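Protein chains in written order, with my numbering: chain A, 1 to 308; chain B, 309 to 718; chain C, 719 to 970.
Backbone N, C-alpha and C fix where the C-beta goes; we use that ideal spot for every residue, glycine too.
If you're wondering where the values come from, they're calculated on a predicted model, not measured in any experiment.
Okay, so here's the structure we're looking at.
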């Protein structure tokens, strides 16, 4: 299949597809980070995770409109404020959902899955009623438009680079929070031994709620970042949820490094294949391979052997 | 103690007869053919729902990919019907006559190999069930032999349903793409689009559903049914009682898949087409809600659940399309939070409130006083407490001292 | 007696150089011991000594990193759990492991050694033989009057008895009991001791127990485990007076 391309063309193709893959990688990582906290640390399946992300996207969309119309001077930097608002909105909704729904279901993971699916349907319809069924996009500030031309054949869009930088920052933030802060230690303590953590004075209920809220908040930030490279519709979240779960499971549910590695592998495989096959077949091949590997190695790429 | 093997208790037999009367007498009497055909369509989902009762309710295996098997069964039937409708005479305006129209539109010039067996009706009947069941077997062997279950199984089956949808949509020329396989006309020369055919197909479907219910009841009442409950509760204990747990899970998953396939095939026959919109993530998880609403532990409940949810969906989305998703979402949440045993559970609790109330039995607490007769259950009344037990010497049974007592050991 | 093994023809169970490590931590370390037909062997030791892990290894719940376990000359370390049961090894868990949603009768019936394949279970008939055997066992474990009761409603002690009953109906040649009297009241303990004395006849038994009086009553030989290794073994008399044992376990 490579016969018809020259070596330099092939190089350019791989570079371009590699970059497209990196954008997909950013989306996967951003979405998977929240899930890795909620699913990996708490063991909760949140099928509405995509809708939390979309909430962040809609918040960003609203901000972009408001700023464009009422404070055009701030338009260059509105995105940063929008990101914080997206985090707060999704995080607050997450905590509400934890209080109303999730906390009753900690011992019934399969039921959590069904209930959060119900939640996702409700949120989708809510978005459709409020924002309409059509996809909406935000207006990018000028400095995010255009692209860098590395060589004649390789062009790199600026917004893509920006989102990637953002991904790295957020990932770093999550890492510091989970593994370097005392709060992260509390979360892990609660996960490993709820009774004991409660006994040593950790407010386990509050920890659960905050953890869930932060996981959802990160999804909101992911949604905000998502608007930089794509448009948003009520059902956009559902399109990614299966992929994201596969990313988290494939990486080994409790491992942050695993999540990133698996997001990288899956996104790169998919976008490279996409050039040679049709988009759908690339996806079929990638996902089938992932599922196949998971069947052989159910614990995912990174995991610990533990005593039963 | 129960003696011998009774497939149906009196109560269950009455429930079965009521359902049969509803399907074979009441619906045909009060509904016109159009509505009856709709009910028939709903009842094809009941095949999926009763399979889920065994698989999920009893065995604790939640599959979010039942649409995969429903779809494979439906596509099997659709391929046969499509080939029958694509005779060279009927398709002579195509550039390649004799192949399905969508293949011609996609520049295919010959029938793909995997379509060939579907020229034969007996082969179709076999493949339509064997292919989904074999798929289920493969998934089951890969997952259950490695002791993957629960949430992981749900996610993987969901991913598989998603993959099949993408595949079907992507491979238009071979599958009919997003529109599916449409314009199906006759089954062995018999026009399935007429009212009389729809009427007859409804009864065939009802008959098959009854047979499926009896088959499920047989499994439920056999030792397999009890083993499924046992495995859901204490999988290790079953294993160390000498059973290969994986084989039982594979069996029940395949059994449920075969039921889905029959449902799918009957769907195609009654609705007249098959498309990827009945295969993917959304329809698959909706199938779970049919079962959950009816009651995940009740075979009859699942049938009513499938009927009710689909009826609500049709009538709500006809008149208030926005409300439907809210209602559906609310249903998921309500059934999990408030009615984990669905309609059947509500029915049971109402029935028992009306009927004689038996004294509630408390949980036997660990380290409870040594008095089995404390149990507030009818049988316990007859249980005698050994005389010597109560005032026993509190001798130090532990030479090693109390420090080992009650602590979790290695 | 199975004579295929030329190495240890007389032992029912031969455990040799058994080692299991979890990420470098050796829970069981180069362990060897042998069990004769009809022998009662008790394993004692402080918490975390690896007692339960040894039973897990024999019944296949945990896989050995090194070493071998031979039962009547057959290697168990690579055998599937249900096959090990078919060979005649029965295991009682530390916390009562019964099916709470099933009745006492159904709990016992499931353990009845017939119809263990899928098809066998589909066609399994609750015939006279099954019913008589269940009745017989239920009487032994003091639950004959509670056969139709859901097991969830049993007291803790009754659940322990039920699990012992489930093993009895299986009729294993090697019975492994993990703290059979733990969490029981004094009177339940007495009944259980009597029950165990009854059921350990005509078979080999490995017991993990902290109740020293009980141990002295039944044990032929005692193994003291410490940090995955054998600290001392022999008769109870010998072990009790071993200074090392007093130091790590029995001492006050």
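Counterpart residues of residue 261 (chain A) in DSSP-defined beta bridges | In the DSSP output, where bridge partners are listed per residue, residue 261 (chain A) has none listed.
Under three-state DSSP, which class holds residue 125 (chain A)?
-> helix
Measuring CA to CA, which of A:229, A:278, A:61 is closest to residue 146 (chain A)?
-> A:229
In three-state terms, what does DSSP make of residue 134 (chain A)?
-> coil
Would you call residue 239 (chain A) buried or exposed, if buried means 16 or more other Cβ atoms sit within 10 Å of its Cβ?
-> By the neighbour-count rule (16 or more Cβ atoms within 10 Å), residue 239 (chain A) is not buried but exposed.
How would you list, in chain order, the residues of chain A whose beta-carbon sits under 7 Å from the beta-carbon of residue 462 (chain B)?
-> 110, 113
Between the C-alpha atoms of residue 472 (chain B) and residue 378 (chain B), what's the straight-line distance to the nearest angstrom?
-> 12 Å
CB-CB length for residue 650 (chain B) against residue 602 (chain B), believed under 8 Å = 5 Å
Listed in chain order, which residues of the segment 831-849 of chain C have Cβ atoms closer than 8 Å to some Cβ of chain E?
-> The structure shown contains no chain E; its protein chains are A, B and C.
Starting from the beta carbon of residue 752 (chain C), find every residue of chain B whose beta carbon is closer than 8 Å, and list them in chain order.
-> Correct list: empty, because the minimum Cβ distance to chain B is about 22 Å.
Residue environment, residue 106 (chain A), which counts as buried when at least 16 other CB atoms sit within 10 Å | exposed
State yes or no: is the beta carbon of residue 284 (chain A) nearer than 7 Å to at least one beta carbon in chain B?
-> Yes, its Cβ sits closer than 7 Å to a Cβ of chain B.
So is residue 800 (chain C) in contact with chain B if we call contact Cβ pairs under 7 Å?
-> yes
Residues within the segment 623-637 of chain B neighbouring chain A, beta-carbon criterion of under 7 Å = 630, 633, 634, 636, 637
N- and C-terminal bounds of the beta strand (DSSP E) containing residue 939 (chain C) | 939-944
Whose C-beta lies closer than 6 Å to the C-beta of residue 141 (chain A) among residues of the same chain, with five residues either side of it excluded?
-> Excluding its 5 nearest sequence neighbours in each direction, residue 141 (chain A) has C-beta neighbours in its own chain below 6 Å: 75, 76, listed in chain order.
Would you give the residue range spanned by the beta strand (DSSP E) that residue 500 (chain B) belongs to?
-> Premise fails: residue 500 (chain B) is in no beta strand (DSSP E) and is neither H nor E.
Residue 470 (chain B) versus chain A: which residues are under 8 Å apart at the beta carbon?
-> The answer, in chain order, is 242, 287.
Chain B contact residues for residue 124 (chain A), given Cβ-Cβ distances below 7 Å | Residues of chain B whose Cβ lies closer than 7 Å to the Cβ of residue 124 (chain A) are, in chain order, 633.
In three-state terms, what does DSSP make of residue 750 (chain C)?
-> strand
For residue 149 (chain A), three-class secondary structure by DSSP = strand
Pick helix, strand or coil for residue 740 (chain C), following the three-state DSSP scheme.
-> Correct three-state label for residue 740 (chain C): strand.
Residue 32 (chain A) to residue 478 (chain B) span [Cα, whole Å] = 26 Å
Between which two residues does the beta strand (DSSP E) carrying residue 789 (chain C) extend?
-> 784-789
Between the CA atoms of residue 17 (chain A) and residue 278 (chain A) - distance to the nearest angstrom = 14 Å
7 Å Cβ cutoff, residue 616 (chain B) in contact with chain A | no
The segment 385-416 of chain B: positions lying closer than 7 Å to chain C by Cβ | none
So what's residue 552 (chain B) in DSSP terms, helix, strand or just coil?
-> coil
How about residue 972 (chain C): is its C-beta nearer than 7 Å to some C-beta of chain B?
-> The question about residue 972 (chain C) has no answer, for chain C in this structure spans 719 to 970.
Which residue comes first and which comes last in the beta strand (DSSP E) that contains residue 391 (chain B)?
-> Premise fails: residue 391 (chain B) lies in the alpha helix (DSSP H), 374-393, not in any beta strand (DSSP E).
Segment limits, alpha helix (DSSP H) that includes residue 208 (chain A) = 204-229
Burial state of residue 108 (chain A), where buried means 16 or more other Cβ atoms lie within 10 Å = exposed
So, using beta-carbon positions, are residue 396 (chain B) and residue 406 (chain B) closer together than 7 Å?
-> yes
Could you tell me whether any Cβ in chain C is nearer than 7 Å to the Cβ of residue 528 (chain B)?
-> no
DSSP three-state call for residue 745 (chain C): helix, strand or coil?
-> strand
Does the Cβ of residue 444 (chain B) have 16 or more other Cβ atoms within 10 Å, making it buried, or fewer, making it exposed?
-> buried
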